[in-house]
Amino acid sequence: MIGENYDLLIKLSQMAYRLISYDFQNIDRNDILNCYRNLLYEKGFMSTGNRMRHNDLYHEFTRFYSNKFLHSLECDVNLDYDYDWLKVITRKSNRTSHPLRHLLLINFLTGDIDLFFSQLNEKYNPFGQGPWPCLNKAASHYNKDVIKDVIITADYKTVMPLGTFICSCGFIYSRKGPDKSIEDRYKIGKTKEFGHTWESKLIELLKEGTYSSRQLAKIMGCDPNTIRKKAQNFNLNYFTKNKNDSEEDIKVKLVHENGFKIDEYKSKILDIIKSNNHLGKLKIKALIAKEYRYICKKDKEWIDNVLPDYDNFSCNINCTKVDWNVRDDLYIQLVEEKCEEIYNRVPYQRVTKSAIGTELGIRNMLYNNADKIPKTILFIQNNQESVEQFRIRRCNNIIEIFKEDGKPIQLWKVKKIAGIDSAEFNKLIEKLDY
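In this text, residue positions in the sequence shown follow our numbering: the first is 855, and each later residue adds one.
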């Protein structure tokens, strides 16, 4: 046992020697506790509401130190015991803990006892130390550090810290943390309120009547649609040529705007059909997949009428006998392309026979005539994903993002983002690349 953990035992003994040299007269036990909690929060073991994530802490702690090693030091941890030492040491309690147990936790959190004591009076903030800049382009204090407080909550999708910054000018914005660089301090994730200063400036510019919505959007730091909506609310909307349009005129304009995309797609479909008149219905649909889906929702009768009513695989249009070998070769080409597209799709989607068939419009063929297209079916069987394979791919992709961003890989975060429950995730841990 000693041989296996010789280096770790030496390190703990060195930390113990350094611990003896510290002057604890000016160090309160609450200072130690606060430092623990700040470090635990920084590493993701505490929620933004200061609730301890005991399951995640115990899992990582026992992965860092084996249960066998902890048992040899009489420092076993028991998640089900309310007065377990790892719980006691990380919360306000009258109970005391052996110095060795403190050293184990300090080594787990920082790996250096001097580094730990240097952080005693620091408070971790995922958005750095305040004050923070106001990012209201209409304010005289734009980009100046005038915001003194930040409200930190958890983003409901990623469980990452979400900071909400409120300025006295009424401007409220938020962004996800933690900040990775000084430039992040000057980024807006979402503007929640523009405030009275911003709106007063916009009204002033609208009354001048000399700016387009795009110019105003650039000046005010928002998008043109926001400018147009605000202008309508202030009854200062000069962006339409005729402010006195009747209700019927407005309807005609809306139909024209909505129909522009339909006309564009219909024109493209007709061009594809004309330039590929030797192809059958299936191949044409593969070439216009996006346009086909859109037009089907808007004008199904039109698309059915313009598409060829045959599948030309190798034979003449009037040929009644299907050449299944040629059809199999065509299908396998389409399926291979679609399989790769789904596999690389974001948000993630599982590669299945049903998904491939549905998107290519050949789902019934894959199920009802599987024996006639053996190469296609074999390719699908070799490349489709089981539920477990899909979960592993999803988790590994998330882990890879953590690595690229230089973030520590915390499995509880991977589990949360991947949306997998604890029981199923525990079955995958040994198969993940981390």
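Idealized CB from N, CA, C, for every residue including glycine.
{"Check": "Burial state of residue 1170, where buried means 16 or more other Cβ atoms lie within 10 Å", "Outcome": "With a pLDDT of only 45 at residue 1170, under 50, the local geometry of the prediction cannot be trusted, and the value read off the model is given with reservation. When all chains shown are included, residue 1170 counts as exposed."}
{"Check": "From 900, 939, 960, 1143, residue whose alpha carbon lies closest to that of residue 1211", "Outcome": "1143"}
{"Check": "Stretch pair the segment 1211-1226 + the segment 1136-1153: three plus CB contacts closer than 8 Å", "Outcome": "yes"}
{"Check": "Residue interval of the alpha helix (DSSP H) (run including residue 1068)", "Outcome": "1067-1074"}
{"Check": "Cβ shell of residue 894 (< 8 Å), same chain only, five flanking positions each side left out", "Outcome": "900, 906, 911, 944, 963"}
{"Check": "Closest by C-alpha distance to residue 930, when choosing among 1157, 1083, 949, 954", "Outcome": "954"}
{"Check": "8 Å Cβ cutoff met for residue 1289 and residue 1067", "Outcome": "The question about residue 1289 has no answer, for the chain in this structure spans 855 to 1288."}
{"Check": "Between the CA atoms of residue 885 and residue 1036 - distance to the nearest angstrom", "Outcome": "28 Å"}
{"Check": "Member of 925, 1203, 892, 1116 whose CA lies at the smallest distance from the CA of residue 972", "Outcome": "892"}
{"Check": "Contact under 8 Å by Cβ, residue 1026 with residue 1053", "Outcome": "no"}
{"Check": "Residue 1091 to residue 1078 span [Cα, whole Å]", "Outcome": "12 Å"}
{"Check": "Residue 1182 classed as buried or exposed, judged by whether at least 16 other C-beta atoms fall within 10 angstroms", "Outcome": "buried"}
{"Check": "Distance, residue 866 Cα to residue 858 Cα", "Outcome": "14 Å"}
{"Check": "Cβ-Cβ distance between residue 1253 and residue 1202 below 8 Å", "Outcome": "no"}
{"Check": "Residue 1047 - partner residues in DSSP beta bridges", "Outcome": "1026"}
{"Check": "Local conformation of residue 1006 per DSSP, three classes", "Outcome": "strand"}
{"Check": "Among 1206, 1065, 1261, nearest to residue 1234 - alpha-carbon criterion", "Outcome": "1206"}
{"Check": "Expected contact under 8 Å - CB spacing of residue 1272 and residue 1248 to nearest Å", "Outcome": "5 Å"}
{"Check": "Cβ-based neighbour list, residue 871, same chain, cut-off 7 Å, excluding 5 preceding and 5 following", "Outcome": "none"}
{"Check": "Secondary structure of residue 1078, DSSP reduced to three states", "Outcome": "helix"}
{"Check": "Alpha carbon of residue 1281 to alpha carbon of residue 999, nearest angstrom", "Outcome": "48 Å"}
{"Check": "Range of the contiguous beta strand (DSSP E) that encloses residue 1160", "Outcome": "No beta strand (DSSP E) contains residue 1160, which is instead part of the alpha helix (DSSP H) from 1154-1160."}
{"Check": "Local conformation of residue 1019 per DSSP, three classes", "Outcome": "strand"}
{"Check": "Rounded separation between residue 1031 and residue 1016 - CA only", "Outcome": "6 Å"}
{"Check": "Element boundaries [beta strand (DSSP E), containing residue 1000]", "Outcome": "999-1001"}
{"Check": "Extent of the continuous alpha helix (DSSP H) to which residue 1163 belongs", "Outcome": "Run containing residue 1163: none; DSSP gives neither H nor E here."}
{"Check": "Buried versus exposed, by CB contacts within 10 Å (16 or more), residue 921", "Outcome": "exposed"}
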